[in-house]
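Here's the structure, in structure tokens; my notes come after.
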Amino acid sequence: DAMVIQNPRYQVTQFGKPVTLSCSQTLNHNVMYWYQQKSSQAPKLLFHYYDKDFNNEADTPDNFQSRRPNTSFCFLDIRSPGLGDAAMYLCATSMRQGRTGYTFGSGTRLTVV
Amino acid sequence: AQSVSQHNHHVILSEAASLELGCNYSYGGTVNLFWYVQYPGQHLQLLLKYFSGDPLVKGIKGFEAEFIKSKFSFNLRKPSVQWSDTAEYFCAVNNFNKFYFGSGTKLNVKP
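This is the structure we're talking about:
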């Protein structure tokens, strides 16, 4: 089945230790997004790729970076995780213009110790 | 900037009660509108979407939503809720490849 896969499902990292979350898709969607969702809050858009074009949200901290080496894969790099970065990180994809809606991955829950 | 408002943060209903969750958005141009549901411990799933045509949209599991352009609203409804509808519901607006989510409404259906 075509889908969005996030690995790992749960990630524990040490304070200040770089961590990478991965997302892959078999839908061949143009656009890939990373969202941060903290408990009882709406998902917050961090950035998105439209094909190879990277689009950062103005309030996304510099600590968060992303890479999209090809259509299928997108990575979220957190250079120096702080306790406040503990959250669920959601990857989503859509076709251009987003008219079909998002397809979400199951998320990676990040714990910072 | 685009914003999406969900005024009901927490709703508690008994089974068979009717549901209406409010959603208002701030953008005046062409938008695509969505409702997503997040069951406990699961990922976000699409309930329904609107981008043109009949403003009354029917989605999965008996949900529907009505787009009222003059009110910038896209309220979600269900005539009779079930215990299995207990979840968090997010309204979202799409414009130029970006999705903006409301803060969510937690629905708790008592059996």
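Line by line, the protein sequences give chains A and B. To convert, note that position 72 of the first sequence is 72 in the working numbering; the numbers rise steadily by one, no gaps. So the working numbering is basically just the index in the second sequence, starting at one, shifted up by 113. Each residue gets a CB set at the ideal place from its N, CA and C atoms; glycine is no exception.
Query: Beta-carbon proximity of Leu-27(A) to Thr-93(A), cut-off 9 Å; Result: yes
Query: Rounded C-alpha distance that separates Gln-37(A) from Phe-64(A); Result: 14 Å
Query: Spatially closest choice to Trp-196(B) from Ser-131(B), His-156(B) and Val-170(B), by CA coordinates; Result: Ser-131(B)
Query: Distance between Ser-186(B) and Leu-169(B) (C-alpha atoms, nearest Å); Result: 12 Å
Query: Min CB distance His-120(B) to chain A below 9 Å; Result: no
Query: Touching by the beta-carbon criterion (3+ pairs, under 8 Å), the region 10-24 of chain A and the region 63-80 of chain A; Result: yes
Query: Beta-carbon contacts of Arg-96(A) that lie in its chain and below 6 Å, excluding the five residues immediately before and after; Result: Asn-30
Query: Simplified DSSP assignment, three categories, for Leu-45(A); Result: strand
Query: 9 Å Cβ cut-off: residues of chain B touching Leu-45(A); Result: Lys-211, Phe-212, Tyr-213 and Phe-214
Query: Contact residues within the region 173-194 of chain B, judged by C-beta distance below 7 Å to chain E; Result: In the displayed structure, chain E is absent; the protein chains listed are A and B.
Query: For Ser-22(A), three-class secondary structure by DSSP; Result: strand
Query: Which of helix, strand or coil DSSP assigns to Leu-110(A); Result: strand
Query: Beta-carbon proximity list for Thr-47(A), same chain, < 8 Å, skipping 5 on both sides; Result: The question names Thr, yet the displayed sequence has Phe at residue 47(A). So the list reads Tyr-33, Trp-34, Phe-54, Asn-55, Asn-56, Glu-57, Thr-60, Phe-64 and Ser-66, once near-sequence residues are dropped.
Query: The region 205-220 of chain B / the region 133-148 of chain B touching (three or more Cβ pairs under 8 Å); Result: yes
Query: Rounded distance between the beta-carbons of Leu-157(B) and Phe-203(B), thought under 8 Å; Result: 7 Å
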